[in-house]
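Here's the structure we're looking at; comments come further down.
Numbering (this note's numbering), first residue to last: 6 to 308.
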């Protein structure tokens, strides 16, 4: 029987792990660290890889970590891990697969890349792969390029492939004309915003229709586009510090002109703002993690 074939029901998995089935269900709902397959009756079936991941997490819990800390530790970059965790690489498929994916990306191994990504999706939830693993991979690629470890061609190929994979999934979600509608604006003139792409995936996964455009050239154009689209949300992502002033001016204009509109603000330039500016625009900043995104949207009763 293949390692990726679901073969343990939740009772058997809980017995092997030494926890209650209800605890396992609660962990999955809250932290989405594994994605059990379902049989024809809809019951969870766990693979050997799932059991390996869960055993590693429980070991960390038994060492005194909370389950949230253990899940976070599992997803961190190796350089941030304690020495014991580094020695557990063979017991942690996420680290091993992430390392393999990085090597395949920088060596242009297209078939190997698809094989590893497909395996990641077979083990972990879609949200974990795209929002956490892909985001960390993008950061690792950017850091490697900045440090001179890889050249621009390797960076471009790697980021383009990740972006294409995420966009394919985003476009696979069905469109419902009765859904809330978000207008997502990439305010960067020098490239794509990975953070905005991840947030776009999150919105689409939550049933929000998304329309992506570039930045407005004038206030009149912004009003014209909004009158055409009638969005419920406008999400602005700014990556470049020099362009942030113009982006904030648009936020100010939209706030005054369209009072019922929910406006979101994010991107590297926003995250790097001085505290005084951040405090001024805090109600617009949607954050960088799933939990921050969800709280931001729930507070605005978007879903």
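Just so you know, even glycine gets a beta-carbon here, dropped at the ideal spot from N, CA and C.
According to DSSP, residues forming a beta bridge with residue i
i	result
residue 186	214
residue 51	13
residue 43	49
Per-residue burial, residue i [other beta carbons within 10 Å of its own, 16 or more giving buried]
i	result
residue 28	exposed
residue 65	buried
residue 297	exposed
residue 303	exposed
residue 49	buried
residue 95	Note that residue 95 has pLDDT 48, beneath the 50 cutoff, so the model's placement of it is unreliable and the number below is only indicative. Looking at its Cβ environment, which holds fewer than 16 other Cβ atoms inside 10 Å, residue 95 is exposed.
residue 156	exposed
residue 74	exposed
residue 285	exposed
residue 3	For the chain, the structure presents residues 6 to 308; residue 3 sits outside this window and is missing.
residue 113	exposed
residue 200	buried
residue 182	exposed
Span of the alpha helix (DSSP H), counted from its first residue to its last, around residue i
i	result
residue 256	249–262
residue 27	26–36
residue 220	Unbroken run through residue 220: none, as it is neither H nor E.
residue 194	Taken as a continuous stretch (DSSP letters only), residue 194 belongs to no alpha helix (DSSP H), as it is neither H nor E.
residue 171	157–177
Boundaries of the beta strand (DSSP E) in which residue i is found, first to last residue
i	result
residue 241	238–242
Of the listed residues the options, nearest to residue i (C-alpha basis)
i	options	result
residue 138	126, 210, 289	126
residue 130	73, 67, 34, 157	34
residue 168	134, 182, 71, 183	134
residue 162	284, 260, 110, 179	110
residue 218	210, 240, 254	240
residue 59	43, 46, 13	13
residue 38	291, 242, 99, 153	99
residue 248	18, 274, 237	274
residue 25	63, 250, 46	63
residue 314	238, 230, 220, 236	Absent from the model: residue 314. The displayed extent of the chain is 6 to 308, so no value can be given.
residue 210	279, 176, 23	176
Chain B within 9 Å of residue i, Cβ atoms only
i	result
residue 210	The structure shown has no chain B; it contains just one protein chain.
Heavy atom of the ligand GDP within 8 Å of residue i beta-carbon
i	result
residue 46	In terms of ligand content, the structure shown is empty, and the ligand GDP therefore cannot be addressed.
Residue ranges of each alpha helix (DSSP H) within the segment 264–301, 4 or longer: 273–276, 280–285
Considering only residues of the segment 102–155, which uninterrupted alpha helix (DSSP H) runs meet the minimum length of 4 residues and lie entirely inside it, listed in chain order? 115–128, 139–151
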